[in-house]
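Working notes, beginning with the structure itself.
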Amino acid sequence: MNIVRLRFSAFGLTVLLGLAFLMVGFYVEFGQIRRFDAAGSAFVARFECPVMTAVMKGLTFIGSPAMTLLLTVAASLFLYFAAGHRRETIFFITVVAGALLLNPFMKNLFHRERPNTNRLIEVTGLSFPSGHSMAAFALYGTLCYLLWRNVSHAAGRTLLIASGLFMTAGIGISRIYLGVHYPSDVLGGYLATAAWLCLSICMFNKRLSRP
816 MNIVRLRFSA FGLTVLLGLA FLMVGFYVEF GQIRRFDAAG SAFVARFECP
866 VMTAVMKGLT FIGSPAMTLL LTVAASLFLY FAAGHRRETI FFITVVAGAL
916 LLNPFMKNLF HRERPNTNRL IEVTGLSFPS GHSMAAFALY GTLCYLLWRN
966 VSHAAGRTLL IASGLFMTAG IGISRIYLGV HYPSDVLGGY LATAAWLCLS
1016 ICMFNKRLSR P
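Heads up, the sequence shown is in our numbering, so the first residue is 816 and it goes up one at a time.
The following block contains the structure:
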């Protein structure tokens, strides 16, 4: 019964997150989210200073495709060989790879140009949803979910969630701070990957429930 309830709650959350992403995408497509983006970008820009810029560039580097791939490989090797979690490794790789593959498809679908003011770094490509945000949510969100299942202490779980939130939020905020994404790009990336992660958890738990 608990497994069934968990499956249905995760599926319901998947639907809600998917609808939230579509709503943000609708506002982006029809230019109805500019005030939100302007306010969010202006707020983040208030903290601009050399030290903060260095920190944000570091977070963006950690969230880059190359580093995401490296961290995914390292985590997969640990899960498979050190921890002996074969099915968990496949699940982890599937979620991260799925997010990385979904991002260019959705970017081409919405075809939103990047911000062209106050850029602190130069990048190319389209803007919505943020690829760094999607990769970070997939990588750290999935790791948090898998490790949570094996950590019983409240302090350990608190540290785990705090670390995951810091990395995911930090990488997303760094893209806004550096002027290469709108806040709605980051929000859209989080929502899209959260929906994908919840759907993947539904499928993963269904597989685990089989005898």
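We put the beta carbon where it would ideally sit given N, CA and C, even for glycine. None of these values were measured; they are calculated from a predicted model.
- Membership of I986 in the alpha helix (DSSP H) is indicated by the continuous run A969 to Y992.
- Per DSSP, P944 lies in no alpha helix (DSSP H) segment and is marked neither H nor E.
- S942 places its beta carbon 7 angstroms or farther from that of V839.
- The distance from the Cβ of G878 to that of H947 is about 4 angstroms, consistent with a contact at the 8 angstroms cut-off.
- Rounded to the nearest angstrom, the Cβ distance from T1008 to M921 is 11 angstroms, too far for a contact under 8 angstroms.
- At a cut-off of 4 residues, the continuous stretches assigned as alpha helix (DSSP H) that sit fully inside the region 884-971 are 901-925 and 946-963.
- Out of F925, T957, L915 and N965, the CA that lies nearest to the CA of S1015 is found in T957.
- Between L1012 and V910, the beta carbon gap of about 6 angstroms places them in contact (Cβ cut-off 8 angstroms).
- Per DSSP, the unbroken alpha helix (DSSP H) holding G1003 starts and ends at P998 to L1023.
- Put simply, the backbone Cα of G1003 is about 11 angstroms away from that of L834.
- The Cβ-Cβ distance between C959 and G979 falls below 7 angstroms.
- Rounded to whole angstroms, A912 and L975 show a C-alpha spacing of 22 angstroms.
- In this chain, the alpha helix (DSSP H) harbouring S856 covers R849 to A860.
- A direct Cα-Cα distance of roughly 33 angstroms separates L831 from G873.
- One thing to note: S945 has its Cβ within 7 angstroms of the Cβ of V1001.
- Judged by DSSP secondary structure, G873 falls within the alpha helix (DSSP H) whose first and last residues are P865 to I877.
- Counting C-beta pairs with one atom in each stretch, the region 981-996 and the region 926-935 have three or more that are closer than 8 angstroms, which means they touch.
- Non-local beta-carbon contacts of L962 in its own chain, meaning distances under 8 angstroms to residues more than five positions away in sequence, involve L975 in chain order.
- Nearest neighbour of T868 by Cα position, chosen from L1023, R1022, S989 and E844, turns out to be S989.
- In terms of Cβ geometry, Y1005 and M982 do not form a close pair [threshold 7 angstroms].
- The beta carbon of A953 is closer than 8 angstroms to those of V910, V911, G913, A914, L915, T1008, W1011 and L1012 in its chain, skipping five residues each way along the sequence.
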